[in-house]
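Notes to accompany the following structure.
Protein chains: 2
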Amino acid sequence: MLELAILGLLQEAPMHGYELRKELAAKLGTLRAAISYGTLYPTLKRLLLAGFITEQGPGSDIPPPMTSKRGRIVYKITADGKERFAALLAAAGPETYDDAGFGVHFTFFSRTDRATRLRILEGRRRRIEERREGLREMLARAGDRLDAYTLELQRHGLDSADREVRWLEELITRERSGTTPAVTATAPVEDTEKKTSPAGPAAEAPPVKPAPHLDRP
Amino acid sequence: MLELAILGLLQEAPMHGYELRKELAAKLGTLRAAISYGTLYPTLKRLLLAGFITEQGPGSDIPPPMTSKRGRIVYKITADGKERFAALLAAAGPETYDDAGFGVHFTFFSRTDRATRLRILEGRRRRIEERREGLREMLARAGDRLDAYTLELQRHGLDSADREVRWLEELITRERSGTTPAVTATAPVEDTEKKTSPAGPAAEAPPVKPAPHLDRP
DNA sequence: TTGCGATGTATCGGCCCGATACATCGCTCG
DNA sequence: CGAGCGATGTATCGGGCCGATACATCGCAA
Numbered sequence: 001m002l003e004l005a006i007l008g009l010l011q012e013a014p015m016h017g018y019e020l021r022k023e024l025a026a027k028l029g030t031l032r033a034a035i036s037y038g039t040l041y042p043t044l045k046r047l048l049l050a051g052f053i054t055e056q057g058p059g060s061d062i063p064p065p066m067t068s069k070r071g072r073i074v075y076k077i078t079a080d081g082k083e084r085f086a087a088l089l090a091a092a093g094p095e096t097y098d099d100a101g102f103g104v105h106f107t108f109f110s111r112t113d114r115a116t117r118l119r120i121l122e123g124r125r126r127r128i129e130e131r132r133e134g135l136r137e138m139l140a141r142a143g144d145r146l147d148a149y150t151l152e153l154q155r156h157g158l159d160s161a162d163r164e165v166r167w168l169e170e171l172i173t174r175e176r177s178g179t180t181p182a183v184t185a186t187a188p189v190e191d192t193e194k195k196t197s198p199a200g201p202a203a204e205a206p207p208v209k210p211a212p213h214l215d216r217p
Numbered sequence: 001m002l003e004l005a006i007l008g009l010l011q012e013a014p015m016h017g018y019e020l021r022k023e024l025a026a027k028l029g030t031l032r033a034a035i036s037y038g039t040l041y042p043t044l045k046r047l048l049l050a051g052f053i054t055e056q057g058p059g060s061d062i063p064p065p066m067t068s069k070r071g072r073i074v075y076k077i078t079a080d081g082k083e084r085f086a087a088l089l090a091a092a093g094p095e096t097y098d099d100a101g102f103g104v105h106f107t108f109f110s111r112t113d114r115a116t117r118l119r120i121l122e123g124r125r126r127r128i129e130e131r132r133e134g135l136r137e138m139l140a141r142a143g144d145r146l147d148a149y150t151l152e153l154q155r156h157g158l159d160s161a162d163r164e165v166r167w168l169e170e171l172i173t174r175e176r177s178g179t180t181p182a183v184t185a186t187a188p189v190e191d192t193e194k195k196t197s198p199a200g201p202a203a204e205a206p207p208v209k210p211a212p213h214l215d216r217p
């Protein structure tokens, strides 16, 4: 997941670790706590080793784009990395629909084709609906066997699930009707792949992410 | 966190692993995905080794309380374990207020004293309020620099945070007013303000959890 | 009787987190 | 003037937790 997020940010602009973390925290606001350095740096190493990004030492030519600082290490995405990003973005594993995964995918929706957006939104909706039905069932069938606090917690959970389903429903409707939110991305990336099908109502799973090696140092 | 949850369940009744998982999944419905066996069994081992629980082989005297099965291993909490449970229950670390931690603590609220309940509720509220304010700030200050989808995500996050704060507020009010157990009806039941307790507004942190050893096998 | 789904215990690799350490820069305040 | 402090910045380590996987047994139905 982190991999996707990092690749996505680096696609917009080269950055160093600290910047990456701040940007990540800002974009994924909810649905995803601020990422830890204990995750970030090892992940960067893996990506580096896998050839998805490159390192640019502090003595390089790039003028400090922000507040100038000391020996920072700027990371830049490679062609392989862009490919990888596209693959991850369209991947359809179960982890695509949990809180963290959905948040990250959603964040990059402006760079995702409509069919994939619909599939993800519908997958997420399905997931939440299942949770909601489970909660409903439990409240109806075993409601009187639970203590008052647990009950209260479940009720709140049910409420939240219900709200999220409605939210997703609205987004799905909007997508279908073509009211695609304007792509106001700061850095519009060249939209090469244009081969998308007309208006498929979110069909089957695209090529599943085969999990790359990304192995030991 | 798992430790607390397991100890709490075993305090209600002895159980084996499979049962533990189901019970856990049911009680923590939201706020906490179903726990994995890859976590459960190692945790049980740690607890066993630390002397917080004991193992009861399949040939024991306990009659199968559920659908009878095969060589199950029934776990039982010890006196040390109960002590540990109480300590964890009242502990006041930051992890007490994140989604998972709050969910687990809340689940055992009926076995928590009112002062602690209030502290946890207010700690959680504070946490969510901070998130909410951060979101508000961002939407107000940098709202036009973000793309439409990110904006939509943040807005939904803000909504959820707002709702949770209100929920917590209600619970806190109820606690203070002495309507201790959350009333089961959707509509809050009015209660004539009796039993004027000191109504301490949830003070400082109790003994902080000192993190036991629980070490290697 | 074969096979399937629920029950049940267990391990392994790997992601990710919190704590911690270290270093530099720019600022304010005594 | 320099001492301290908060933000910036890179990095590691131990450990919690997860998903995938492997077994084994039981009850039931095709």
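Chains as they are written, first to last, in the working numbering: chain A, 1 to 217; chain B, 1 to 217.
All C-beta atoms, glycine included, are put in the ideal place defined by N, C-alpha and C.
Keep in mind the model is a prediction, meaning the values are calculated, not measured.
Check                                                                                                                                       : Outcome
is_contact[Asp147/B, chain A] using C-beta, thresh 8 angstroms                                                                              : yes
Neighbour-count burial assignment, Arg166/A, 16 or more Cβ in a 10 Å radius                                                                 : exposed
Under 8 angstroms between C-beta atoms of Leu31/A and Ala100/A                                                                              : yes
Coil, strand or helix - Thr78/B by DSSP                                                                                                     : coil
Element boundaries [alpha helix (DSSP H), containing Thr107/B]                                                                              : Asp99 to Thr107
Contacts around Ala187/A, its chain only, beta-carbon distance under 7 angstroms, and the 5 residues preceding and following it disregarded : With a pLDDT of 43 at Ala187/A, under the threshold of 50, the modelled position of this residue cannot be trusted, and the question is left open.
Thr54/B (DSSP reduced to helix, strand or coil)                                                                                             : strand
7 angstroms Cβ cut-off: residues of chain A touching Thr150/B                                                                               : Lys27 and Thr107
Tyr37/B burial status per 10 Å Cβ neighbour count (16 or more: buried)                                                                      : exposed
Sub-8 angstroms separation of Leu103/B and Leu28/B beta-carbons                                                                             : The question names Leu, but residue 103/B is Gly in the sequence shown. In contact: Gly103/B and Leu28/B (Cβ atoms closer than 8 angstroms).
Backbone secondary structure at Ala138/A - three-state DSSP                                                                                 : The question names Ala, yet the displayed sequence has Met at residue 138/A. Helix, per DSSP.
Residue(s) in a DSSP beta bridge with Met15/B                                                                                               : Tyr75/B
Within 8 angstroms, strictly: CB atoms of Ile128/A and Glu164/A                                                                             : yes
Residue-chain proximity (Ser36/A, chain B), Cβ-Cβ < 8 angstroms                                                                             : no
Glu169/A: first and last residue of the uninterrupted alpha helix (DSSP H) it sits in                                                       : Ala148 to Arg176
Chain A contact for Leu31/B (CB, 8 angstroms cutoff)                                                                                        : yes
Where Ser177/A falls, given that 16 or more other Cβ within 10 Å makes a residue buried                                                     : exposed
Proximal residues to Arg132/A (C-beta, below 8 angstroms), its chain only, five neighbours per side dropped                                 : Leu158, Ala161, Asp162 and Val165
Which listed residue (Ala33/B, Thr39/B and Thr78/B) has its alpha carbon closest to that of Glu55/B                                         : Thr78/B
Distance CB(Ile53/B)-CB(Leu10/B) smaller than 8 angstroms                                                                                   : yes
Classification of Arg174/B by the beta-carbon crowding that lies within 10 angstroms, buried from 16 upward                                 : buried
8 angstroms Cβ cutoff met for Thr107/B and Ala90/B                                                                                          : no
Selection from His105/B, Thr150/B, Tyr18/B and Arg72/B that minimises the alpha carbon distance to Leu40/B                                  : Tyr18/B
Residues in the stretch 150-172 of chain A having any Cβ partner in chain B nearer than 9 angstroms                                         : Thr150, Leu151, Glu152, Leu153, Gln154, Arg155, His156, Gly157, Leu158, Asp159, Ser160, Ala161, Arg163, Glu164, Trp167 and Leu171
C-alpha gap between Met138/B and Thr112/B, whole angstroms                                                                                  : 37 angstroms
8 angstroms Cβ cutoff met for Pro124/A and Tyr97/A                                                                                          : A small correction: the amino acid at residue 124/A is Arg; Pro does not occupy that position in the sequence shown. Going by C-beta atoms, Arg124/A is nearer than 8 angstroms to Tyr97/A.
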